[in-house]
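Notes to accompany the following structure.
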Amino acid sequence: MKTPLLFLFFLTGFIQAQNTIPESDFEELEEQVIEWRRDFHQHPELGNREFETAKKIAAHLESLGIEVQTGVAKTGVVGILKGNRPGKVVGLRADIDGLPVKERTDVPFKSVATSEFRGEQVPVMHACGHDTHIAILMGVAEILSKNNDFPGTVKFIFQPAEEGAPPGEEGGAKLMVEENVLKNPDVDAIFGLHISADKDVNTISYKPEGIMAASQSFEIKVKGKQSHGSTPWSGIDPIMASVKIIDGLQTIISREAELTQEAAVLSIGKIESGVRSNIIPEEATIIGTLRTLDVDMQKMINKRMEEMVPALAAAYRAEATIEIAKGYPITYNDPELTAKMLPTLQKVAGEENVVNIKAITGAEDFSFFAQEIPGLYFFLGGKTPGVVNPAPHHTPDFFIDESGLLLGVKTLSQLAIDYLNQ
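FYI, numbering that gives the first Met the number 0 numbers position 286 of the sequence shown as 285, with every residue one higher than the one before it.
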């Protein structure tokens with residue numbers, strides 16, 4: 000019995016050694032990954048409009064001999080790389096869209112791009128780090144195409160419109176799922192990452208089960224009666240009613256949501272009304288977002304919003320309607336998959352650099368993939384150590400330390416290899 004066991008021991012060690020990608024392969028690629036990231040950062044595109052971004056991604060994958068599908072969920076790109084023998088299928092996902100934000104950082108690859116959003120010409124910036132996600136996954140594709148001694152298949156999913164499709168359009172992960180991106184070949188598990196401007200480079204943060212909140216957008220239309228600004232009693236002021244509606248909605252969070260159970264956040268992102276100082280307008284529009292980490296709490300808040308908005312408007316003689324979008328579900332990390340892959344995260348980043356965190360109220364439409372198949376989503380540090388109060392995501396001063404990108408390439412590459420070899 001000793002000889003077969005000894006042989007099996009050495010064989011296992013040999014397979015593990017063979018499936019550890021040489022460090023030199025990563026080091027040689029780091030400069031190129033940073034160069035890709037800077038190019039995408041300088042030329043951002045909004046959701047469902049990532050035409051040039053998609054062309055660059057597809058050209059790179061094709062140059063590696065990877066089977067490429069374009070036009071998936073409008074502007075998405077999918078690459079399929081087969082190993083040298085049959086096995087499972089693993090998905091690796093990166094989002095590719097920018098945001099309507101004017102960049103204020105002083106970098107040589109600063110974005111000056113503009114585009115149209117909600118009928119307005121707006122500046123565009125990669126203010127959430129999706130440019131780093133694209134570059135990282137392109138790097139992973141190059142690494143795995145040159146180290147394809149693994150069983151099974153890797154499906155590279157470059158997803159558009161994570162920040163949401165333009166009004167009136169479909170898009171993002173939901174549309175990709177509907178267009179069967181997880182089929183043909185059928186994906187068994189999926190991994191994704193998000194760069195984090197407030198976590199030190201060369202660190203990884205994760206959480207089993209719910210890691211990011213469900214997200215819903217809502218729009219409120221308030222109707223009043225126009226009048227001269229000097230005689231407000233002759234009209235019905237939709238702006239005053241809007242102020243009271245906004246104030247009232249916050250009491251749902253502060254007085255009705257059981258925050259010791261899970262966090263919830265309601266934020267107003269836009270209020271629009273009127274044309275000049277001496278005219279009380281006829282209408283006002285309020286746009287906002289709701290973030291929840293509990294399904295029952297989400298239902299309760301939705302119900303109270305629908306009750307409160309028309310009631311508050313009526314108290315000020317106005318009328319109001321509210322529409323709440325279904326939005327993104329909670330981003331859920333499959334506990335079994337997370338436990339199985341945690342040793343890989345610790346092996347690549349170092350056990351001391353892998354941190355189990357609490358859930359955050361940010362949201363991610365990676366959640367649609369993780370609803371269909373087991374998924375693992377984690378955060379990659381992007382902050383220079385020692386920096387205090389870094390600019391948040393979605394702001395003009397958002398900044399990423401590029402020295403952490405290589406860890407992203409290593410982690411996704413090794414996750415794919417280790418999963419397929421299990």
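Glycine included, every Cβ here is placed at the ideal spot set by N, Cα and C. Computed from a predicted structure; not experimentally measured.
{"Query": "Cβ-based burial, V71 [other Cβ within 10 Å; buried from 16]", "Result": "buried"}
{"Query": "CA-to-CA distance, Y327 to Q370, given in whole angstroms", "Result": "11 Å"}
{"Query": "Residue range of the beta strand (DSSP E) that includes F108", "Result": "Here F108 belongs to no beta strand (DSSP E), and DSSP marks it neither H nor E."}
{"Query": "L5, DSSP secondary structure in three states", "Result": "With a pLDDT of 45 at L5, under the threshold of 50, the modelled position of this residue cannot be trusted, and the question is left open."}
{"Query": "Coil, strand or helix - E305 by DSSP", "Result": "helix"}
{"Query": "Whether A263 touches I245 by CB criterion (7 Å)", "Result": "no"}
{"Query": "Runs of alpha helix (DSSP H) lying entirely within the stretch 144-213, each at least 4 residues, in chain order", "Result": "171-177"}
{"Query": "Whole alpha helix (DSSP H) elements within the stretch 259-327, 4-residue minimum", "Result": "294-314"}
{"Query": "Beta carbon of V176 nearer than 7 Å to that of F367", "Result": "yes"}
{"Query": "Inter-stretch contact (C-beta, 8 Å, three-pair minimum) for the stretch 386-399 and the stretch 64-82", "Result": "no"}
{"Query": "Rounded straight-line distance, which links the Cα of K269 to that of P237", "Result": "15 Å"}
{"Query": "Residue range of the alpha helix (DSSP H) that includes D24", "Result": "E22 to Q41"}
{"Query": "7 Å Cβ cutoff met for S204 and F378", "Result": "yes"}
{"Query": "Sequence ranges, beta strand (DSSP E) only - wholly within the stretch 42-75, length at least 3", "Result": "66-71"}
{"Query": "The stretch 123-136 / the stretch 222-229 touching (three or more Cβ pairs under 8 Å)", "Result": "no"}
{"Query": "Length of the line joining the Cα atoms of Q215 and R84", "Result": "43 Å"}
{"Query": "Alpha carbon of A317 to alpha carbon of G234, nearest angstrom", "Result": "10 Å"}
{"Query": "Spatial distance of S110 from T284 (CA atoms)", "Result": "30 Å"}
{"Query": "Identity of the residue in T337, I142 and L265 nearest G82 by Cα", "Result": "I142"}
{"Query": "Beta bridge counterpart(s) of R92 as assigned by DSSP", "Result": "I156 and G191"}
{"Query": "Beta-carbon separation (whole angstroms), E49 vs I95, contact threshold 8 Å", "Result": "5 Å"}
{"Query": "Reference F116, options P166, T230, P184 and T152, closest by Cα", "Result": "P166"}
{"Query": "For A362 and A212, believed in contact at Cβ under 8 Å, the rounded distance", "Result": "5 Å"}
{"Query": "Rounded separation between E433 and G97 - CA only", "Result": "Residue 433 lies beyond the stretch modelled for the chain, which goes from 0 to 421, so this question has no answer here."}
{"Query": "Selection from I399, Q421, L419 and D417 that minimises the alpha carbon distance to H132", "Result": "I399"}
{"Query": "Secondary structure of I356, DSSP reduced to three states", "Result": "coil"}
{"Query": "Proximity below 7 Å, CB of L45 to CB of V153", "Result": "no"}
{"Query": "Buried/exposed call for P342, threshold 16 Cβ in 10 Å", "Result": "exposed"}
{"Query": "N332: first and last residue of the uninterrupted beta strand (DSSP E) it sits in", "Result": "T330 to N332"}
{"Query": "For H227, the residue or residues it bridges with in DSSP", "Result": "I278"}
{"Query": "Three-state secondary structure (DSSP) of G82", "Result": "coil"}
{"Query": "Status (buried if at least 16 other CB within 10 Å, exposed otherwise) for D130", "Result": "buried"}
{"Query": "Residues that DSSP places opposite V221 in a beta bridge", "Result": "A283 and A319"}
{"Query": "Cα-Cα separation, T250 to K298", "Result": "16 Å"}
{"Query": "Under the three-state DSSP convention, the category F397 falls into", "Result": "coil"}
{"Query": "Which residues DSSP lists as bridging Q378, in chain order", "Result": "Sequence check: residue 378 is Phe here, not Gln. In DSSP, F378 forms a bridge with H193 and S204."}
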